[in-house]
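In the working numbering, the protein residues as written are 279 to 613.
First the structure, in the form of structure tokens, and then the observations on it.
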Amino acid sequence: MKQLTGMTTDNIGDMATASAGEVAEKIRDKLYEQNKETKAAIASFKSSLSSIVTHFEEDSKSKLPIFFFVDELDRCRPNYAIELLETVKHLFGVNGVYFVIATDTEQLCASVNAVYGERFSADKYLRRFFHAEYTFPTLDNELYTDYLLSKFGLQNSDRLVTPSLSPKRTFNISPPNQNSSFFCAISDLFGLTLRDQEQTAEIIDAVFLTTGDRKFHFPALLTWAAIKQSRSDIFKDLYDSSARGLKKLQDSFKKDTHYVGHSDGRTSLKNLSDIVCRIVEWTHETQERLYERYNHISHSVDNAILGLALNQGTFGDYPELVSNASSISRGVKSV
Numbered sequence: 279m280k281q282l283t284g285m286t287t288d289n290i291g292d293m294a295t296a297s298a299g300e301v302a303e304k305i306r307d308k309l310y311e312q313n314k315e316t317k318a319a320i321a322s323f324k325s326s327l328s329s330i331v332t333h334f335e336e337d338s339k340s341k342l343p344i345f346f347f348v349d350e351l352d353r354c355r356p357n358y359a360i361e362l363l364e365t366v367k368h369l370f371g372v373n374g375v376y377f378v379i380a381t382d383t384e385q386l387c388a389s390v391n392a393v394y395g396e397r398f399s400a401d402k403y404l405r406r407f408f409h410a411e412y413t414f415p416t417l418d419n420e421l422y423t424d425y426l427l428s429k430f431g432l433q434n435s436d437r438l439v440t441p442s443l444s445p446k447r448t449f450n451i452s453p454p455n456q457n458s459s460f461f462c463a464i465s466d467l468f469g470l471t472l473r474d475q476e477q478t479a480e481i482i483d484a485v486f487l488t489t490g491d492r493k494f495h496f497p498a499l500l501t502w503a504a505i506k507q508s509r510s511d512i513f514k515d516l517y518d519s520s521a522r523g524l525k526k527l528q529d530s531f532k533k534d535t536h537y538v539g540h541s542d543g544r545t546s547l548k549n550l551s552d553i554v555c556r557i558v559e560w561t562h563e564t565q566e567r568l569y570e571r572y573n574h575i576s577h578s579v580d581n582a583i584l585g586l587a588l589n590q591g592t593f594g595d596y597p598e599l600v601s602n603a604s605s606i607s608r609g610v611k612s613v
């Protein structure tokens with residue numbers, strides 16, 4: 279080595295160590311300068327924001343806070359959601375400026391765990407950002423159903439035919455309306471969120487747009503719309519008349535406490551989930567086969583639902599109508 283370079287191995291080692299030290303020092307200095315610049319930029323931003331708050335106070339002659347609303351943070355990509363929270367904490371910590379963040383806390387915790395690992399204390403981490411938490415009370419689903427069906431003109435539509443049956447549980451909609459009762463009960467059975475319920479109503483409305491003045495068997499149309507909205511993973515199987523799909527649907531109703539009987543209470547009740555599954559089965563049967571079933575049905579609830587179907591025409595094309603309407607309703611909404 280000495281013959282080739284004129285230096286011993288020790289000399290070369292000393293030079294390498296010195297060079298590495300110089301590089302490390304330069305990196306440290308660079309990071310230090312960047313940190314100073316970042317802190318200065320944050321301080322400048324906060325000062326400007328504070329000036330805006332002061333300006334509003336002087337202009338309005340009153341101390342009015344500035345609110346920023348962030349909705350559905352839990353639906354963002356996990357990394358983005360965390361970055362936003364960190365940004366809010368470090369950049370917007372100014373007197374008179376407040377952030378109101380609407381989120382599903384459980385889902386947001388799942389986002390944090392997706393980034394930092396399942397064993398990370400997501401709940402404790404999120405408390406660093408929120409000074410106060412508020413939970414809205416659960417909306418009365420009966421009132422929301424009334425509002426929703428009125429909004430889409432479905433409550434008393436002459437295009438929706440409903441058998442003289444009444445779901446039984448805790449639904450006491452006033453004034454009594456069978457369409458509202460069925461919609462409320464089906465929504466509860468399928469576990470539809472408020473957004474799901476609105477989109478289910480949109481699907482039915484879109485079916486109306488594409489079918490002229492045709493009348494529909496409301497429990498059957500509602501059943502298929504609810505399946506499309508909340509069980510999209512098995513909708514195709516049910517669409518194709520798959521026994522496997524029907525089994526999945528039955529299994530998805532964990533504990534059915536919903537019952538249907540005649541409005542006058544003259545007959546025994548029947549589980550709503552059983553009726554839903556019957557509707558799915560009957561969808562794929564011919565008119566002749568349905569007449570045979572009708573003549574041998576002993577339960578009056580099944581008789582009322584199937585009898586109405588035979589009077590109105592079978593609902594064999596309901597899955598296709600719902601599938602197409604689902605695309606239309608989402609397309610219209612996104613325009």
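Backbone N, C-alpha and C fix where the C-beta goes; we use that ideal spot for every residue, glycine too.
Of the residues the options, which one's Cα is nearest the Cα of residue i?
| i | options | result |
| --- | --- | --- |
| P597 | K532, E396, K514 and K339 | K514 |
| L586 | S328, Q565 and S605 | Q565 |
| T381 | A504, F370 and P356 | P356 |
| I464 | R437, N455 and A503 | A503 |
| Y412 | S340, S578, T383 and N581 | T383 |
| F496 | S458, L516, I512 and L487 | S458 |
| F323 | E563, F370 and F468 | F370 |
| L487 | N602, I305 and T332 | N602 |
| Y425 | R405, V372, D436 and A479 | A479 |
| E361 | V390, K525 and E303 | V390 |
| P441 | V579, G594, E563 and T423 | V579 |
| T423 | S326, H562, N455 and D491 | N455 |
| Q477 | S604, D349 and L342 | S604 |
| V554 | D529, Y394 and T316 | D529 |
| I330 | H368, V375, E350 and L309 | V375 |
| D418 | N373, F408 and T471 | T471 |
| R492 | K308, I320, H333 and T592 | T592 |
| R509 | R405, D474 and T489 | D474 |
| L599 | Y569, I505 and I583 | I505 |
If you reduce the DSSP assignment to three classes, tell me which class residue i lands in.
| i | result |
| --- | --- |
| E598 | helix |
| I360 | helix |
| V375 | strand |
| F323 | helix |
| T365 | helix |
| F616 | Since the first residue of the chain shown is 279 and the last is 613, residue 616 is not available in this structure. |
| N581 | helix |
| F449 | For F449, the pLDDT reaches just 44, beneath the cut-off of 50, and the residue's location in the model is therefore unreliable, although a value from the coordinates is still provided. Looking at F449 - three-state DSSP - the assignment turns out to be coil, as it is neither helix nor strand. |
| S605 | helix |
| F334 | helix |
| R397 | coil |
| L438 | strand |
| A504 | helix |
| G539 | strand |
| K341 | coil |
| F370 | coil |
Which residue comes first and which comes last in the alpha helix (DSSP H) that contains residue i?
| i | result |
| --- | --- |
| Y517 | S510 to Y517 |
| D466 | Q456 to F468 |
| F486 | L472 to L487 |
| L432 | From DSSP, L432 is part of no alpha helix (DSSP H); its letter is neither H nor E. |
| E559 | L550 to T561 |
| D418 | No alpha helix (DSSP H) holds D418; DSSP gives it neither H nor E. |
| L404 | A400 to L404 |
| C387 | T383 to Y394 |
| L568 | Q565 to H574 |
Where do the ends of the beta strand (DSSP E) carrying residue i lie?
| i | result |
| --- | --- |
| F531 | Neither: F531 is in no beta strand (DSSP E) and is coded neither H nor E. |
| Y412 | Unbroken run through Y412: none, as it is neither H nor E. |
| D349 | I344 to D349 |
Since residue i and residue j should fall inside the 8 Å C-beta cutoff, what is the C-beta to C-beta distance between them, to a whole number of angstroms?
| i | j | result |
| --- | --- | --- |
| F494 | L438 | 6 Å |
| I606 | A484 | 4 Å |
| L516 | L500 | 15 Å between Cβ atoms; not a contact. |
| V378 | F347 | 5 Å |
| Q312 | D352 | In fact, because the Cβ distance is near 32 Å, the residues do not count as touching under 8 Å. |
| L588 | E559 | So it is not a contact: roughly 15 Å between Cβ atoms. |
| L432 | F531 | L432 to F531, Cβ: 24 Å. No contact. |
| F461 | L427 | 6 Å |
| A521 | I557 | That belief does not hold up - the Cβ atoms of A521 and I557 are roughly 16 Å apart, past 8 Å. |
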